[in-house]
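*Asks:* Numbering (the numbering used here), first residue to last: 1 to 446.
1) So for residue 313, helix, strand or coil by DSSP?
2) When you compare each of 75, 68, 34, 57 to residue 47 by their alpha carbons, which one comes out closest?
3) Rounded to a whole number of angstroms, what is the C-alpha to C-alpha distance between residue 157 and residue 362?
4) Helix, strand or coil for residue 26? Go by DSSP, reduced to three states.
5) Taking all protein chains shown into account, decide if residue 310 is buried (16 or more other Cβ within 10 angstroms of its Cβ) or exposed.
6) Report all residues from its chain with a CB closer than 6 Å to the CB of residue 36; omit the five preceding and five following residues, and keep chain order.
7) I'd like the span of the beta strand (DSSP E) that includes residue 107, first residue to last.
8) Taking the straight line between their C-alpha atoms, what separation do you get for residue 251 and residue 278?
9) To the nearest angstrom, how far is it from the Cα of residue 322 to the Cα of residue 265?
10) Can you round the beta-carbon distance between residue 91 and residue 98 to whole angstroms, since I take them to be within the 8 Å contact cut?
11) Quick one: measure Cβ to Cβ for residue 204 and residue 141, integer angstroms, because I've assumed they're closer than 8 Å.
12) Give, in chain order, every unbroken run of the alpha helix (DSSP H) that is at least 4 residues long and sits entirely within the stretch 258-303.
13) With a cut-off of 8 Å, do at least 3 Cβ pairs link the stretch 416-429 to the stretch 336-346?
14) Please state the DSSP three-state secondary structure of residue 166.
15) Would you check if the stretch 284-303 and the stretch 182-192 touch, i.e. whether three or more CB-CB distances between them fall below 8 Å?
16) Which partner residues does residue 228 have in the DSSP bridge list?
17) What residues in its chain sit with their C-beta under 7 Å from that of residue 430, if we drop five residues either side in the sequence?
18) How would you write the range of the alpha helix (DSSP H) that residue 191 sits in, first residue to last?
19) Drop a sphere of 10 angstroms on the beta-carbon of residue 216, count the other beta-carbons inside from all chains shown, and report buried for 16 or more, exposed for fewer.
20) Is the Cβ-Cβ distance between residue 63 and residue 317 less than 9 Å?
21) DSSP three-state label for residue 243, please.
22) Going by DSSP, what residues sit across from residue 74 in a beta bridge?
23) Three-state secondary structure (DSSP) at residue 175?
24) Who are the Cβ neighbours of residue 69 in its own chain at under 8 Å, not counting the five residues just before and after it?
25) Contact check, residue 165 vs residue 276 under 8 Å by CB: the rounded distance?
26) Would residue 159 and residue 355 be called neighbours here (beta carbons separated by less than 9 Å)?
27) Restricting to Cα atoms, I'd like to know which of 312, 239, 199 is closest to residue 270.
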């Protein structure tokens, strides 16, 4: 999952320019300090106190902030929701460009982390000893936050994928839970034939879901070495496997034309007209809060496989906390980050519904044996934890994935609403990614 080498980080620093509308580029004071910071130094900073600002939308951090301030009363933490995902990234980039208003700590999703590190706006946490934490986190999240010896963030959570399915609906129509994507296609046909108002899933085109599916299928469409970038969204084996099945679902109108997270989507999950959802293990809390009326109807299962008998999964979603290079209180910022993601704050976040990236929690009997009343008393964490161990490690995102995702619906999205074929949409997405990378100074597909 490593996005680029440290040498590349240095070599492409010159690419950071105002034209990068979504990349948080380094401030005018990029020098920072490489001096090692000991545990004693951090304790002294906490005793002295001060103020830090944290930009994050993840709700469990509210309790972490409360607990942290109680333990360290001389430290004031201002938690700000500056928007979700791209909205925050744009605001963050604008603050860095302006040289003011930059938070001390920022939530950054894994797919976006490489692009922010490229802009030299993140502090390397290795000088705090964070590089020794490798074994504390599952491979997917840890690989996402590290580049060679540099650690640009600490994992907050992870998103190993699972298939959530409405057991009541599938049982009603005598449809078995699919274990392969070919079986999934057959289940989609059987369900829609039995009830024309019901669909196996919703999909209007989503970059994160698409790349997760390609990842599970063994794809590596994005590769970066130094400043050389390869984009293959046509012949990559993961792309071929995904489009073969998904094009049939689109052609046969077996996917509900409903966008995720909309009111209509929640309604579909609640009334059974959307029967499955392939997504990250962070989803259960959203079922409980947003689809309360369907409690007991839903279950979790392993992600269907591209080849029968395999046990391969993928990641979908997940975030980290990064210390901004422009922070005036880096020691306090890091202390809070470690508290939230490596020590006492982890348990508070898990109790609030976050899914762990920490190996100790993923293997904890208490965690694994937890029953989910929403899922009929199922021990769903056993499925999620197993999924976390089945994620291929060779995946990497583009060093400008935020931009690429922002133009996904201009290309691939057309396949869901017109006669454009999925593979043609992916070819158009590839062209956009190649053109943009070339404009920014990368050697793309050379």
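Glycine included, C-beta positions come from ideal geometry on N, C-alpha and C.
*Replies:* Once the coordinates are examined:
1) Coil.
2) Out of 75, 68, 34, 57, 75 has the C-alpha closest to the C-alpha of residue 47.
3) In this structure, the CA atom of residue 157 is about 11 Å from the CA atom of residue 362.
4) Summary for residue 26: the model assigns pLDDT 43, below 50, so the residue's position carries little reliability; its value from the coordinates is reported in the next sentence. Three-state DSSP puts residue 26 in coil, outside helix and strand.
5) It is exposed - the Cβ of residue 310 has fewer than 16 other Cβ atoms within 10 Å.
6) Closer than 6 Å at the Cβ level, and outside the excluded window around residue 36, lie 127.
7) Element bounds for residue 107: 105-109.
8) For residue 251 and residue 278, the distance between alpha carbons rounds to 20 Å.
9) Cα-Cα distance, rounded: 32 Å.
10) Not quite, the Cβ-Cβ distance comes to about 11 Å (not below 8 Å), so this is no contact.
11) A Cβ-Cβ separation of about 28 Å leaves residue 204 out of contact with residue 141 under the 8 Å criterion.
12) Whole alpha helix (DSSP H) segments, 4+ residues: 263-271, 284-290.
13) Result no; under three Cβ-Cβ pairs closer than 8 Å.
14) Reduced to three states, the DSSP call for residue 166 is strand.
15) Counting Cβ pairs under 8 Å, fewer than three are found: no touch.
16) For residue 228, which the question treats as bridged, DSSP gives the partners 225, 443.
17) Around residue 430: 231, 233, 234.
18) Membership of residue 191 in the alpha helix (DSSP H) is indicated by the continuous run 181-194.
19) It is buried - the Cβ of residue 216 has at least 16 other Cβ atoms within 10 Å.
20) Contact annotation: residue 63 and residue 317 have beta-carbon atoms that are not nearer than 9 Å.
21) Three-state result, residue 243: helix.
22) Note: residue 74 sits in no beta bridge, so no partner.
23) Here residue 175 sits in coil by DSSP.
24) The answer, listed in chain order, is 75, 76, 77.
25) Confirmed, Cβ separation roughly 4 Å.
26) By the CB criterion at 9 Å, residue 159 and residue 355 fall inside the cutoff.
27) Per the Cα distances, 199.
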